[in-house]
Each structure stands twice: as C-alpha cells, then as structure tokens.
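Asker: In our numbering, the protein residues as written are 6 to 244.
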Amino acid sequence: MKRLGVNIDHVATLRNARGGYHPDPLLAAKLAIKFGADLVTIHLREDRRHIQDQDLIKICKNKKIPLNLEIAANMKILKIALKNKPNYVCIVPEKRKEITTEGGLNLKKNRSKIKKILSKLKKFKIRTSLFINPTIKNVKLSKDLKSDCIELHTGKLSNLIKFQKDFSNEFIKIKNCAKFGNSIGLEIHAGHGMDYKTTKILSKINEIKEFNIGHFIIGESIFSGFKNVIKKIKRISNN
Ligand code: PXP
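As structure tokens, then:
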C-alpha cells in the first residue's frame with residue numbers, strides 16, 4: 006500500500022487571501038485523515054506566505070494527525086520544528102521569489118548544514134527525508150547524509166505528462182532512483198505537481214511508499230469535494 010500525504014498549504018493560501026480564519030488548515034488536516042489520507046504535509050516557509058506558526062502549533066498538538074513538516078535548511082525554522090515535534094520532517098530547498106518548490110536540494114553545496122539538521126532531527130526521533138531531483142548521485146548523497154527517506158521531485162514528469170510530451174526518460178530516471186534508493190535502505194517518497202494521471206503512472210513503481218500531493222487535491226476539491234478527491238487519489242495510488 007502506498008501512503009498518501011495531503012499537502013494543505015493552499016487551504017492556508019485561501020484563508021490568508023481574506024486574512025480571517027476560514028478555511029481552517031486544522032480542520033482540513035483532521036478531515037484529510039478522516040477521508041483516508043495517511044498523513045498531512047505542511048510547509049512552514051520563511052516568508053510565511055501560507056502556513057503560519059499557529060497552524061503548525063495547532064496541528065502538532067493534535068496527536069491523531071500524523072504530520073510531515075517541510076522546512077528549508079534554515080536553523081531558525083529547525084528550532085521551531087524541534088519545539089513542535091512533528092512526526093516527520095522533509096528538508097526542501099526554498100527561494101523567496103519562487104511560486105512553489107522549483108527543484109530538489111543541492112546536497113553537495115549544503116552538505117554540512119543538512120547533515121547537522123538531520124542529526125538534530127534524529128535526536129528528537131523525527132523521521133527525516135530529503136527532497137531531491139531524481140539522480141543516482143543525489144540518492145547516494147542522501148544515503149551518505151544518513152537520511153531515512155528521500156522524496157523524488159516529480160515536477161518535471163508531471164509537466165511533461167500535462168503537456169502531452171514524451172515522459173519516458175523522466176519516468177525511467179524516477180524508477181531507477183526509486184529502485185536504487187530502496188536497495189540501499191532508503192524509504193522512497195514522491196511528490197510535486199501530481200494529479201490523477203501522474204499518480205496512476207507513478208503507482209506502477211512499487212518501491213515508492215508515499216506520495217505527497219497538494220495543489221491538485223485542494224484545487225480539484227472545489228469541483229468534486231475533498232472527500233471524493235482523496236478517496237480517488239488513494240484508489241489510483243494502489244490499483
Ligand atoms: N512534496 C514537496 C517536498 C513539496 O515541496 C510540495 C509542494 O509544497 C509537494 C510535495 C506538493 O506539491 P503539489 O502542491 O504540486 O502537489
């Protein structure tokens with residue numbers, strides 16, 4: 006069975022558009038789990054453009070919500086993470102002007118900082134993951150850094166599929182990284198830009214144990230309802 010992490014950042018985006026309390030990310034987190042998600046993912050960005058500190062605090066307090074917190078390799082944000090103790094942390098690259106997380110981590114450049122962050126998280130018994138572009142070099146580096154998991158960036162694959170271009174090379178890259186990563190003891194996750202079609206294609210890779218999907222689930226829910234979209238994604242992931 007593949008796990009599904011529902012990224013609820015854009016519930017906060019919608020809430021922040023009016024500056025009030027609705028729609029509430031905590032309620033979205035509770036409902037996502039009720040409707041079949043295995044975990045909830047949020048990204049506490051340095052600029053706090055969507056998820057706010059209070060959202061993180063409230064969601065972490067609810068022990069029935071398995072939480073995956075995405076953070077940049079930033080000591081200030083790490084401190085907040087350690088204070089709130091989410092179940093899982095995924096380290097992601099972060100640029101202030103990007104619309105979303107555009108690529109995977111540069112592990113070579115940020116090696117010592119990431120190593121330090123991973124070891125701190127481990128001391129708190131938090132499962133660690135690194136968001137990387139699908140290359141064997143990145144998978145090897147992730148293992149060297151002693152991460153528990155890797156999340157393979159599926160943004161390029163998703164775009165190729167969306168624009169009806171040949172995606173076979175990118176799919177093979179992801180598959181090879183998943184197989185190799187699994188063989189050296191990493192748990193394999195995948196995410197970014199995924200929708201029903203991408204999920205169906207990636208569901209064929211047995212080594213992938215977890216999908217993290219956000220924008221599509223929240224957007225599609227406007228038309229089909231949160232419950233229906235989560236149930237359909239879960240079904241496609243595991244058929
Ligand atoms: N995984 C990671 C590591 C991400 O940074 C994001 C975007 O916040 C996602 C998954 C979800 O991407 P999307 O919103 O495009 O489904």
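All C-beta atoms in this analysis are idealised placements derived from N, C-alpha and C, irrespective of residue type, glycine included.
1) Kindly examine the ligand PXP and report whether one of its heavy atoms sits closer than 6 Å to the Cβ of Thr106.
2) Return yes when at least one heavy atom of the ligand PXP lies under 6 Å from the C-beta of Asn187, else no.
3) As a quick exercise: from Thr140, Lys145 and Ile131, pick the residue whose alpha carbon is nearest that of Thr159.
4) With three or more beta-carbon pairs closer than 8 Å as the criterion, would you say the segment 210-219 touches the segment 175-195?
5) Thinking just about the alpha-carbon of each residue, which of Pro30, Glu107, Ile82 and Val144 is nearest to the one in Lys125?
6) What do you get for Leu9, buried or exposed, if any count of 16 or more other CB atoms within 10 angstroms of its CB means buried?
7) My guess is that Ser134 and Cys182 are in contact by the Cβ rule of under 8 Å, so how many angstroms apart are they, rounded?
8) Measuring straight from C-alpha to C-alpha, what distance separates Ala33 and Phe172?
9) Please state the DSSP three-state secondary structure of Leu74.
10) Lys35 to Pro28, Cα distance in whole Å?
11) Tell me whether the beta-carbon of Asp60 lies closer than 7 Å to the beta-carbon of Pro30.
12) Quick one: using the 10 Å Cβ neighbour count with 16 as the cut-off for buried, is Gly186 buried or exposed?
13) Just grab the DSSP bridge partners of Phe136 for me.
14) In the DSSP output, what is Phe216 paired with across the bridge?
15) Taking the straight line between their C-alpha atoms, what separation do you get for Ser229 and Lys114?
16) Does the segment 142-150 come within contact of the segment 197-208, defined as at least 3 CB pairs closer than 8 Å?
17) Keeping to the same chain, check which residues put their C-beta closer than 7 Å to that of Asp14; ignore five residues upstream and five downstream.
18) Would Ile76 and Ala86 be called neighbours here (beta carbons separated by less than 7 Å)?
19) According to the Cβ coordinates, are Ser163 and Met199 closer than 7 Å?
20) Which residue or residues does DSSP assign as beta-bridge partners of Cys95?
Answerer: By the coordinates alone:
1) yes
2) no
3) Thr140
4) yes
5) Ile82
6) buried
7) Not a contact, Cβ separation roughly 14 Å.
8) 33 Å
9) strand
10) 13 Å
11) yes
12) buried
13) Glu156
14) Leu9 and Ala195
15) 43 Å
16) no
17) Ile47, His48, His55, Ile56 and Gly219
18) yes
19) yes
20) Glu75 and Ser134
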